[in-house]
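Scroll down for the structure; my scribbles are underneath it.
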Amino acid sequence: MNEEQTRQARRFMQGELRSAAIFHTLSKIEREPRRAATFQRIADGDMRHAARWAALLGLGAQKTRPARLGPASLLLHFVTRVFGTSRVARFMARGEDRNVRRYWQITEAQDMAREEVEHSQALRSIDGQPAADRPLPHPEGGLLAGEGGTLRAAVLGVNDGLVSNFSLVMGVAGGVTNPDIVVLAGVAGLVAGAFSMAAGEYVSMRSQRDVFENLIEQERTELALWPEEERQELAEIYESKGLTAEEAQRVAARIMIRPDVALDTHVREELGLDPDDLGSPWGAAFSSLTAFTAGAIVPIAPYLLGAGDLAFSLSAAFSAVALVVVGAGLAWFSGVNPLWGGARMLMVGGVAAAVTFAIGSLIGIAV
Numbered sequence: 114m115n116e117e118q119t120r121q122a123r124r125f126m127q128g129e130l131r132s133a134a135i136f137h138t139l140s141k142i143e144r145e146p147r148r149a150a151t152f153q154r155i156a157d158g159d160m161r162h163a164a165r166w167a168a169l170l171g172l173g174a175q176k177t178r179p180a181r182l183g184p185a186s187l188l189l190h191f192v193t194r195v196f197g198t199s200r201v202a203r204f205m206a207r208g209e210d211r212n213v214r215r216y217w218q219i220t221e222a223q224d225m226a227r228e229e230v231e232h233s234q235a236l237r238s239i240d241g242q243p244a245a246d247r248p249l250p251h252p253e254g255g256l257l258a259g260e261g262g263t264l265r266a267a268v269l270g271v272n273d274g275l276v277s278n279f280s281l282v283m284g285v286a287g288g289v290t291n292p293d294i295v296v297l298a299g300v301a302g303l304v305a306g307a308f309s310m311a312a313g314e315y316v317s318m319r320s321q322r323d324v325f326e327n328l329i330e331q332e333r334t335e336l337a338l339w340p341e342e343e344r345q346e347l348a349e350i351y352e353s354k355g356l357t358a359e360e361a362q363r364v365a366a367r368i369m370i371r372p373d374v375a376l377d378t379h380v381r382e383e384l385g386l387d388p389d390d391l392g393s394p395w396g397a398a399f400s401s402l403t404a405f406t407a408g409a410i411v412p413i414a415p416y417l418l419g420a421g422d423l424a425f426s427l428s429a430a431f432s433a434v435a436l437v438v439v440g441a442g443l444a445w446f447s448g449v450n451p452l453w454g455g456a457r458m459l460m461v462g463g464v465a466a467a468v469t470f471a472i473g474s475l476i477g478i479a480v
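Mapped onto the working numbering, the consecutive letters of the sequence shown carry residue numbers 114 to 480.
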């Protein structure tokens, strides 16, 4: 292998080891035996894939141990407790989809791509519906899919709550010496920010859902008015996926017999939407509110606990640790180096807090 191929193989190996660690942890968290077994089966598959990449790199078996989650394990437990394993499983399925596309482009890895397809199907059927009854996600479905709305809102909420209230507390603390004022400002920022985020997420998700529902209704109308054109459209989709023209026509004709199945199939294949999961406005609002609160409470906790003269230092220290943990955890789930993710989050939050502290100090001196 050349240098670029070596780097790619190492990235794939490390990604599979991280994935194996996450699924192994999920198998321990999950109490329902069938789901736990599914998670562990996927973890074992990821370990086999990691071993393949390690062999290509000339590495021994000791290099293919599951990665240690560390702080990300706590975040995984929290997310799973809040949203349940079904929501987390769908989120993780997207990672399997990415591996399918990546591995399929490499001749030696196409058998692993097929196994990643099975992993994706298993994760999408984790709510109890057999995997065989669910088509694979549309290649462009990630742009429209609503299934990640609640989790996305929570991620944004934690980030915004922590960074914005950390900055607010530092700014006020730079301008005043009375801790009661800092507490008042911090609590006000928490409440205002949490409800503002919740309202914004509700409106955003509601608008998105309205658009999706309108698209589905348009598809329903087209199926009723132009069934032959829609059947031909579906046949062309399947033909582009590798079926012969005759097979595609036969499958499309079979699907069009039942209007409900035809609509569901067109929505998934043509629009890239999951009609069973268009996103929940109330779920997004609640997750955003609770996540923002969880992040925003960290900077004001020392003041609320009456830490006295140490409150400012503890607030900065707690916030810095939280920034690193959240940044590292999010980077881990995204397949990015967690050290870089934690450092990046700390840098962004630290700069914002430093700027507001400086401004608060200047205003405090002027007043």
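For glycine and all other residues, C-beta sits at the position ideal for the given N, C-alpha and C.
Item                                                                                                                         : Value
Distance between Val411 and Leu459 (C-alpha atoms, nearest Å)                                                                : 14 Å
Span of the alpha helix (DSSP H) around Trp166                                                                               : Pro146 to Leu170
Complete beta strand (DSSP E) runs within the stretch 388 to 426 (minimum length 3 residues, chain order)                    : none
Sequence-distant residues of its chain with Cβ nearer than 7 Å to Ala465 (five each side left out)                           : Val276 and Ser280
Exposed unless 16 or more other CB atoms sit within 10 angstroms - verdict on Leu436                                         : buried
Collapsed DSSP secondary structure at Ala354 in the structure displayed                                                      : Note that residue 354 corresponds to Lys in the displayed sequence, not to Ala. Looking at Lys354 - three-state DSSP - the assignment turns out to be coil, as it is neither helix nor strand.
Under the three-state DSSP convention, the category Leu249 falls into                                                        : Bear in mind that a pLDDT of 42 at Leu249, under 50, signals an unreliable position, so the model cannot answer this.
Cβ neighbours of Asp157 in the same chain (closer than 7 Å, five flanking residues each side left out)                       : none
Close Cβ partners of Gly486 (< 6 Å) along its chain, the five nearest in sequence each way excluded                          : Residue 486 cannot be examined here, being either before or after the span of the chain that is shown, 114 to 480.
Among Leu170, Ile155 and Ser238, the one whose alpha carbon lies nearest that of Glu228                                      : Ile155
Proximity of Ala235 and Thr138 at Cβ, strictly below 8 Å                                                                     : no
Boundaries of the alpha helix (DSSP H) in which Glu117 is found, first to last residue                                       : Glu116 to Ile142
For Asp159 and Val213, the rounded distance between their alpha carbons                                                      : 13 Å
Coarse secondary structure for Ile239, derived from DSSP in three states                                                     : coil
C-beta atoms of Ala441 and Gly455 nearer than 8 Å                                                                            : yes
Distance, Ile142 Cα to Ala397 Cα                                                                                             : 24 Å
Alpha-carbon spacing of Ile413 relative to Leu303, whole angstroms                                                           : 9 Å
Cβ neighbour criterion (16 or more within 10 Å) applied to Arg200                                                            : buried
Three-state secondary structure (DSSP) of Ile219                                                                             : coil
Cβ pair Gly392, Arg322 closer than 8 Å                                                                                       : yes
Spatially closest choice to Met310 from Arg144, Leu269, Leu443 and Asn291, by CA coordinates                                 : Leu269
Residue range of the alpha helix (DSSP H) that includes Gly299                                                               : Pro292 to Leu338
Exposure label - Asn327; buried when at least 16 CB within 10 Å                                                              : exposed
Extent of the continuous alpha helix (DSSP H) to which Val374 belongs                                                        : Pro372 to His379
Distance between Thr193 and Arg178 (C-alpha atoms, nearest Å)                                                                : 24 Å
Chain-order list of residues whose beta-carbon lies under 6 Å from that of Thr368 (same chain, five-residue window excluded) : Here residue 368 is Ile; the residue named in the question, Thr, does not match the sequence. Val374, Ala375 and Thr378.
Straight-line gap, Leu417 to Pro292 (C-alpha atoms, nearest Å)                                                               : 9 Å
Three-state class that DSSP yields for Arg203 in the structure shown                                                         : helix
Nearest-angstrom Cα separation, counted from Gly419 out to Ser400                                                            : 29 Å
Between the CA atoms of Asn278 and Phe405 - distance to the nearest angstrom                                                 : 10 Å
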